[in-house]
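Below is one structure, written out as structure tokens; the observations come after it.
Number of protein chains: 2
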Amino acid sequence: MENLLTIQEMSRLTGLSAHTLRYYEKVGMLEGVSRNEQGYRAYSEADVSWVQFLVILRELDIPIREMKRYSDLRSQGPSTVHERRLMLEAHQSRVQQQMRKLGDNLGKIADKIQYYKGMEEEVEAGIK
Amino acid sequence: MENLLTIQEMSRLTGLSAHTLRYYEKVGMLEGVSRNEQGYRAYSEADVSWVQFLVILRELDIPIREMKRYSDLRSQGPSTVHERRLMLEAHQSRVQQQMRKLGDNLGKIADKIQYYKGMEEEVEAGIK
DNA sequence: GGTTGCATTAGAGCGCGCTCTAAGCTGTAA
DNA sequence: TTACAGCTTAGAGCGCGCTCTAATGCAACC
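Chains as they are written, first to last, in the UniProt record's numbering: chain A, 1 to 128; chain B, 1 to 128.
Written as structure tokens, this is what we have:
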């Protein structure tokens with residue numbers, strides 16, 4: 001029916017280690033992963049999409065606790081769509097603010113780099 | 001001569017806790033902080049600028065180890081200006097890449113938010 | 001003299017997100 | 001038959017960046 005994936009294949013597709021995939025499952029962010037005859041995890045295509053989404057959340061520095069909360073809402077079905085949207089919007093603006101801060105700080109670093117360049121040129125000139 | 005600051009004033013000016021200020025000094029990122037008659041730290045204006053710069057580095061997610069390395073170079077004087085610039089440039093491009101990644105992921109989150117909005121409207125329409 | 005308040009130190013403790021270990025099971029190949 | 005590869009689990013361990021604790025000291029005020 002479905003073509004199911006081993007943990008190694010899942011690892012390759014998501015960039016998460018097998019250890020981390022088991023850990024995510026253990027903390028409750030991955031429910032209903034099926035097993036084959038040998039008791040090995042057998043991930044569906046839907047599992048892949050979900051884990052890839054988790055990876056995005058993680059890359060946005062959303063804490064595991066929050067991701068777990070989001071997963072729980074998702075498990076409860078469509079009635080939680082509004083709350084899920086609010087969570088995403090909250091993180092969206094947090095990350096936007098963080099990006100502004102990074103931009104500001106990058107500017108200050110750029111200034112410092114320019115200042116250093118000036119110093120390096122002076123030293124060169126001095127040597128001559 | 002100089003007007004020197006207590007650790008509390010330094011804390012207020014930099015946003016770092018007194019604990020953290022002592023920690024930064026202990027790991028070697030703040031050398032030559034003077035003391036008053038009672039043995040209390042007495043920070044100079046130059047110390048303030050330096051700590052504020054450390055805060056910027058920290059906000060750019062530069063590890064303490066790297067910041068310590070940078071501090072050591074700075075202590076060695078102007079001969080290390082070139083190496084310091086290279087460090088800053090390396091982090092600059094790392095952060096730029098990270099910001100691009102954040103932007104991409106924010107886009108995906110925005111899509112999801114739109115998708116949820118659609119679902120919420122459908123539910124409303126369905127109820128009517 | 002006693003209390004309050006603010007500082008000092010060395011070192012312990014903590015929350016986070018993994019990351020790894022040990023012991024065990026199953027199927028395949030030599 | 002034996003070795004190996006790949007998976008399973010519970011739980012220990014780790015690196016990071018703080019954050020806090022306990023014991024102590026000193027100056028000012030009641």
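Every residue gets a Cβ at the ideal spot worked out from N, C-alpha and C, and that includes glycine.
{"Query": "Check the DSSP bridge columns for Tyr43 of chain A and list the partner residues they point to.", "Result": "A:Leu5"}
{"Query": "Measuring only between beta-carbons, confirm whether Leu106 of chain A sits less than 8 Å from chain B.", "Result": "yes"}
{"Query": "Measuring CA to CA, which of A:Val55, A:Val123, A:Glu121 is closest to Leu102 of chain B?", "Result": "A:Val55"}
{"Query": "Under the three-state reduction of DSSP, which class applies to Ser34 of chain B: helix, strand or coil?", "Result": "strand"}
{"Query": "Taking the alpha-carbon of Glu25 of chain A as reference, which of A:Ile7, A:Glu37, A:Ile109 has the nearest alpha-carbon?", "Result": "A:Ile7"}
{"Query": "Going by the CB atoms, is the gap between Leu88 of chain A and Lys117 of chain B shorter than 8 Å?", "Result": "no"}
{"Query": "Express the C-alpha separation of Arg58 of chain B and Ile109 of chain B in angstroms, rounding to a whole number.", "Result": "27 Å"}
{"Query": "Return helix, strand or coil for Gly15 of chain B, following the three-state DSSP convention.", "Result": "coil"}
{"Query": "Once DSSP output is grouped into helix, strand and coil, what is the label at Gly28 of chain A?", "Result": "coil"}
{"Query": "Measure the C-alpha to C-alpha separation of Arg69 of chain B and Val48 of chain B and round it to an integer number of angstroms.", "Result": "19 Å"}
{"Query": "Check the Cβ of Pro78 of chain B against every Cβ in chain A and list those closer than 8 Å, keeping chain order.", "Result": "Met119, Val123"}
{"Query": "Is it right to say Leu30 of chain B is buried, meaning 16 or more other beta carbons lie within 10 angstroms of its own, or is it exposed?", "Result": "buried"}
{"Query": "So does the region 27-47 of chain A actually touch the region 77-85 of chain B, counting three or more Cβ pairs closer than 8 Å?", "Result": "no"}
{"Query": "Along the region 82-101 of chain B, where does the CB come closer than 8 Å to a CB of chain A? Name the residues.", "Result": "His82, Arg84, Arg85, Leu88, Glu89, His91, Gln92, Val95, Gln96, Gln98, Met99, Lys101"}
{"Query": "Mind pulling the chain A residues with CB within less than 7 Å of Lys112 of chain B?", "Result": "Leu88"}
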